[in-house]
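Residue numbers (our numbering): 411 to 870.
Beta carbons are placed, not taken as given, at the ideal position from N, Cα and C, and that holds for glycine.
Structure, rendered in structure tokens:
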């Protein structure tokens, strides 16, 4: 459905269809940007396109199988403390919601609890803000125990602030024993206490998850396997690229947050080395802080990664704003998005460009600084993937040592050990001995030098 701009216009065509389950009205209450002003609603320095923002909000609603009855942009000059938008616009939206017979109104913004309650009273419909909608999606998509724990924790932290006196059962209970008891805690206080107890329990279980992940990482470091992590805006094509690089079958769909639970697979590098590739949850603008905190255990794979691939949908009209949103989340995690030694920018979906546009894109990438290159790929067609793998290997090799050695061809165990624990760059048989060039991790360097009398290659 094409988004409409709802700026106090008069009569509009109304839908006359029968009521459907899950019909929703999506509202984009975006602040007008004055010329030369700095009052953009987005926290980033790049102003997002209003139509693209509304389309994303509608996509979030479709991700949980809601039927979009209408999607409209409602420009506002300032945020109202009571209802977020002005009284007149509330009345117009209420009339539209009634005529469309919708069950739910989605506000593409973060609402305070009192704003949400007041809007529900005025619109006579359930109101869900952007945070609540994203939490609902995560709740439906979490498949693993860890994912479910993280989503529940985020939801409870969100719900705790929403315990307002909207229901008749939230009245004072009798406390104490028998007639001796005085007024007890209110139902709100009881609910809040129960929520806090559940939060404390979940945080304890997630600490166990973090401990398990640390053990797994320690095991990989003993092998050792380098870790490459995929990050990016939701629907940038991370899972499709993950499948292309690892020949895996992780769910990949043209849908926001199609992948939620993290996945690790072996990544074969061009010269025989291996790394672990991690596919993580996609980021999004105004990502709820509850989710950033709850998913920190999952995102620790990113924190510990040797190389981070920032996958961008370069064909998206808001590609620059999406990059800023991802950079903001990386900073929240303590990662410098400008760390060229660790982060590789991947411009995905170049298959959507024709030959002339693609050539222009290549020229733009060629003009970037050498220490901040952009790898152009198509996860769908595989174009550019070989060059990306070579770039990954080069970054990983920067922390590895290249050694020359000669080993008896009869030493099958030694040769096998080298193939398992090092990258074999060259191997030639001369007079019953293998002359080999290998690249090893720093933790294995001394073992190879002492066992095989290896010599570092200074020019490497």
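Inter-residue CB distance, residue i and residue j (contact presumed, cutoff 8 Å)
i, j, result
"residue 896", "residue 855", "Only positions 411 to 870 of the chain appear in the structure, and residue 896 is not among them; the question remains open."
"residue 839", "residue 848", "Residue 839 to residue 848, Cβ: 16 Å. No contact."
"residue 696", "residue 472", "Wrong, their Cβ atoms sit about 18 Å apart, outside the cutoff."
"residue 754", "residue 719", "5 Å"
"residue 484", "residue 474", "Residue 484 to residue 474, Cβ: 22 Å. No contact."
"residue 572", "residue 518", "Rounded, the Cβ-Cβ distance is 18 Å, inconsistent with contact."
"residue 640", "residue 547", "Not confirmed; about 19 Å, so no contact."
"residue 731", "residue 442", "That pair is no contact at about 18 Å."
"residue 460", "residue 440", "5 Å"
"residue 758", "residue 789", "6 Å"
Cβ-based neighbour list, residue i, same chain, cut-off 8 Å, excluding 5 preceding and 5 following
i, result
"residue 792", "654"
"residue 534", "504, 507, 508"
"residue 423", "At residue 423 the pLDDT is 35, less than 50, meaning the model places this residue with poor confidence; the figure from the coordinates comes in the next sentence. Correct list: empty, nothing qualifies."
"residue 448", "Note that residue 448 has pLDDT 44, beneath the 50 cutoff, so the model's placement of it is unreliable and no number is given."
"residue 772", "786"
"residue 529", "493, 494, 500, 515, 517, 521, 537"
"residue 780", "none"
Any chain C beta carbon closer than 9 Å to residue i
i, result
"residue 674", "The structure shown contains no chain C, having only a single protein chain."
Buried or exposed by the 16-neighbour rule on C-beta atoms within 10 Å, applied to residue i
i, result
"residue 774", "exposed"
"residue 618", "exposed"
"residue 500", "buried"
"residue 760", "buried"
"residue 644", "buried"
"residue 648", "buried"
"residue 860", "exposed"
"residue 733", "buried"
"residue 820", "exposed"
"residue 811", "buried"
"residue 621", "exposed"
"residue 852", "exposed"
"residue 713", "exposed"
"residue 822", "exposed"
"residue 526", "buried"
"residue 465", "buried"
"residue 723", "buried"
"residue 551", "buried"
"residue 715", "buried"
"residue 770", "exposed"
"residue 502", "buried"
"residue 607", "exposed"
"residue 556", "buried"
Cβ-heavy atom distance, residue i to the ligand PLP, below 8 Å
i, result
"residue 747", "By its list of ligands, the structure shown contains no ligand whatsoever, and the ligand PLP lies outside what it can speak to."
Cβ shell of residue i (< 7 Å), same chain only, five flanking positions each side left out
i, result
"residue 862", "815, 817, 824"
"residue 798", "756, 785, 787"
"residue 941", "This structure cannot speak to residue 941, because the chain is shown only from 411 to 870."
"residue 576", "For residue 576, the predicted model reports a pLDDT of 42, less than 50, meaning its position is unreliable; a value from the coordinates is still stated below. Once the five neighbours on either side are set aside, the close Cβ partners of residue 576 are 527."
"residue 709", "690, 743"
"residue 543", "470, 471, 516"
"residue 562", "612"
"residue 490", "496"
Closest residue to residue i among the options (Cα-Cα distance)
i, options, result
"residue 565", "553, 808, 485, 549", "549"
"residue 605", "625, 569, 616", "569"
"residue 531", "764, 497, 730, 828", "497"
"residue 638", "684, 717, 648, 709", "717"
"residue 721", "820, 612, 769, 651", "651"
"residue 558", "612, 748, 518", "612"
"residue 803", "610, 571, 553, 686", "686"
"residue 807", "511, 555, 563, 751", "751"
"residue 749", "831, 776, 527, 805", "805"
"residue 796", "513, 567, 674, 656", "656"
"residue 736", "822, 673, 646", "646"
"residue 782", "747, 810, 763", "747"
"residue 809", "724, 822, 769, 636", "636"
"residue 623", "642, 673, 607", "673"
"residue 625", "489, 607, 711", "711"
"residue 831", "742, 684, 841", "684"
"residue 764", "725, 553, 778, 794", "725"
"residue 357", "845, 828, 776", "Any answer about residue 357 is impossible in this case: the structure gives the chain only from 411 up to 870."
"residue 642", "740, 766, 553, 554", "740"
Proximal residues to residue i (C-beta, below 6 Å), its chain only, five neighbours per side dropped
i, result
"residue 865", "814"
"residue 867", "812, 814"
"residue 833", "681, 682, 683, 849"
"residue 845", "816, 838"
"residue 452", "Only weak support exists for where residue 452 lies, its pLDDT of 40 falling under 50; the value from the coordinates is given anyway. Cβ within range, chain order: 458."
Could you check whether the segment 598 to 609 touches the segment 671 to 687, counting it as contact only if at least three pairs of C-beta atoms, one from each stretch, sit closer than 8 Å? Too few Cβ pairs lie closer than 8 Å, so no.
If you pair each beta-carbon of the segment 476 to 485 with each one of the segment 436 to 443, do three or more pairs fall below 8 Å? Judged by Cβ distances under 8 Å, the segment 476 to 485 makes contact with the segment 436 to 443, as three or more pairs qualify.
Does the segment 607 to 622 touch the segment 682 to 694, meaning 3 or more C-beta pairs lie closer than 8 Å? A contact between stretches requires three or more CB pairs, one per stretch, nearer than 8 Å, and the segment 682 to 694 fails this requirement with the segment 607 to 622.
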